[in-house]
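First residue of the sequence shown: 248, per this note's numbering; consecutive thereafter.
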Amino acid sequence: MSALLQKPTTDRNTEEKRLSKDINLIYDFTEKPNRTCLKAHNDRAVVAKLRADLVLPSNKILSVDIDFDSTSGYHDNTMMVMDDFGVEMLVTAFAVKYGQQFADKISNAWAEKNHQNDPRKPTYLLVQKPTVDGSLPKVFVACGEKDHKKNNIKPQSIV
């Protein structure tokens, strides 16, 4: 895919690349050691961490660091779904591959608040590939809750 705009910035070791009108990447070429448990593939990098600035319904910004590093050193994270079209694509794939009942769980989780007293519906879904052949991927609802601690209860997959 070619970039629409490529702009080197000389004051820092960064480069901007505009992929489309609403996707702008800023690469930081500063060398850093890999202090994660993750390993790159021979022919492809893997995502260790993303930083997301979420625009809340109150028009405030909530910053979220999404860290994919784990002690297993294995990268099970497959996709992040952030809008209705992405959910539609995921639901279609689940319906075809795993069955409509699992697709419906994803549709319902996206369309409703996770808990009745949550301030908003989910902002995104995170999908992890199956860890055992023949099992289902894990799908997690993320960022719609007010209380992110929840007594340290580990989130459960919705399927």
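Cβ atoms here follow ideal geometry from the backbone N, Cα and C, with glycine treated the same way. Computed from a prediction, not measured in an experiment: that's the story for all the values here.
{"Check": "First and last residue of the uninterrupted beta strand (DSSP E) at THR325", "Outcome": "324–328"}
{"Check": "Proximity to TRP357 [Cα-Cα], best of GLY346, LYS344, VAL388, PRO384", "Outcome": "VAL388"}
{"Check": "Extent of the continuous alpha helix (DSSP H) run through ILE353", "Outcome": "347–358"}
{"Check": "Burial state of LYS385 (16 or more Cβ within 10 Å)", "Outcome": "buried"}
{"Check": "Three-state secondary structure assigned by DSSP to ASP299", "Outcome": "Residue identity differs from the one stated: residue 299 is Ala in this sequence, not Asp. Three-state result, ALA299: strand."}
{"Check": "Contact with chain B by TRP357, beta-carbon distance below 8 angstroms", "Outcome": "Checking the listed chains, one finds no chain B in this structure; it contains a single protein chain."}
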